[in-house]
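Engineer:
Chains as they are written, first to last, in my numbering: chain V, 576 to 684; chain Y, 29 to 141.
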């Protein structure tokens, strides 16, 4: 079993929909939780960074962490075609990042 | 430059040849990481450099893989006697220190024929 599980998709939704992306993990030592966005042929870029359980909002993006269930989510409101990318969750223990496989998201105009 | 720079962006090589991949981190960043990303997979940690400390090589998949970081700046990842299973995107990231956010380069896409 992988330390971090993420459905690879693809997930296809119409423009304007609310998108929910999720990861589960098994290691309770993970302390920091991140969501990265990766466009085709580009490196990942950090979207959201959270430490504690609860919600963190940044514009159209909301990151949610539930440490008791070992479950994290990223919500995208009013999704745009420019949001089409692969979204990777990553978790940190000490200095190493442990990554999910990434979910490919397609927003249809 | 403002970001992490990697070269070449694409590399096609024949099985058995050696390849060198280069990473130029953000100026002033003391931490540097190499990752491998295979198709449809997450990032696989390879090696981590922090300042002048001994690198963490725990993620290197075999002794054909090695990396160095000269003068605390530019890093080179070397793969000797390449195999087809080495085909992947090799990503480099740097951060101010090991606690800070990692910034990624665009990667080198390696194809071993």
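Each residue gets a CB set at the ideal place from its N, CA and C atoms; glycine is no exception. Quick caveat, the model's predicted, so the values are computed rather than measured.
1. For residue 576 of chain V, tell me which candidate among V/680, V/683, V/682 and V/676 has the shortest Cα-Cα distance.
2. In three-state DSSP terms, what is residue 115 of chain Y?
3. Going by DSSP in three states, residue 89 of chain Y sits in which element: helix, strand or coil?
4. Rounded to whole angstroms, what's the CA-CA distance from residue 107 of chain Y to residue 83 of chain Y? Just pull it up for me.
5. Just reading off the beta strand (DSSP E) that residue 616 of chain V is part of, what are its end residues?
6. Using only alpha-carbon positions, find the residue among Y/127, Y/105, Y/115 and Y/64 that is nearest to residue 43 of chain Y.
7. Which residues in the same chain have their Cβ closer than 7 Å to the Cβ of residue 660 of chain V, if we skip the five residues on either side of it in sequence?
8. Count the other C-beta atoms from every protein chain shown that fall within 10 angstroms of the C-beta of residue 98 of chain Y, then say buried if there are 16 or more, exposed otherwise.
9. Output yes or no for whether 8 Å exceeds the beta carbon distance between residue 136 of chain Y and residue 49 of chain Y.
10. Does the beta carbon of residue 76 of chain Y sit closer than 8 Å to a beta carbon anywhere in chain V?
11. According to DSSP, is residue 52 of chain Y helix, strand or coil?
12. CA-CA distance, residue 625 of chain V and residue 637 of chain V?
13. What in chain Y is Cβ-close to residue 674 of chain V, meaning under 7 Å?
14. In angstroms with no decimal places, state the Cα-to-Cα distance between residue 596 of chain V and residue 654 of chain V.
15. Going by DSSP, name the residue or residues bridged to residue 78 of chain Y.
16. Does the beta carbon of residue 677 of chain V come closer than 8 Å to any beta carbon on chain Y?
17. Just to confirm, are residue 60 of chain Y and residue 77 of chain Y a CB contact at a threshold of 8 Å?
Structural biologist: Let me spell this out:
1. Out of V/680, V/683, V/682 and V/676, the CA that lies nearest to the CA of residue 576 of chain V is found in V/676.
2. For residue 115 of chain Y, the secondary structure class from DSSP, reduced to helix, strand or coil, is coil.
3. Residue state, collapsed to three classes: coil.
4. One alpha carbon belongs to residue 107 of chain Y, the other to residue 83 of chain Y, and they sit about 17 Å apart.
5. Note, residue 616 of chain V: premise wrong, no beta strand (DSSP E); not H, not E.
6. When only C-alpha atoms are compared, the closest one is Y/115.
7. Non-local C-beta neighbours of residue 660 of chain V in its own chain, meaning closer than 7 Å and more than five positions away in sequence, comprise 612, 613, 614 and 680, ordered along the chain.
8. Counting Cβ neighbours within 10 Å, residue 98 of chain Y comes out exposed, since fewer than 16 surround it.
9. The answer is yes: Cβ separation under 8 Å.
10. Yes - at least one Cβ of chain V is within 8 Å of the one on residue 76 of chain Y.
11. Note: residue 52 of chain Y maps to strand in three-state DSSP.
12. A straight-line Cα-Cα distance of about 10 Å links residue 625 of chain V and residue 637 of chain V.
13. Close partners of residue 674 of chain V in chain Y (Cβ separation under 7 Å): 70 and 71.
14. Roughly 13 Å separates the two Cα atoms.
15. Answer is Y/59, bridged to residue 78 of chain Y.
16. Residue 677 of chain V counts as touching chain Y.
17. Their beta carbons are under 8 Å apart, which means residue 60 of chain Y touches residue 77 of chain Y by this criterion.
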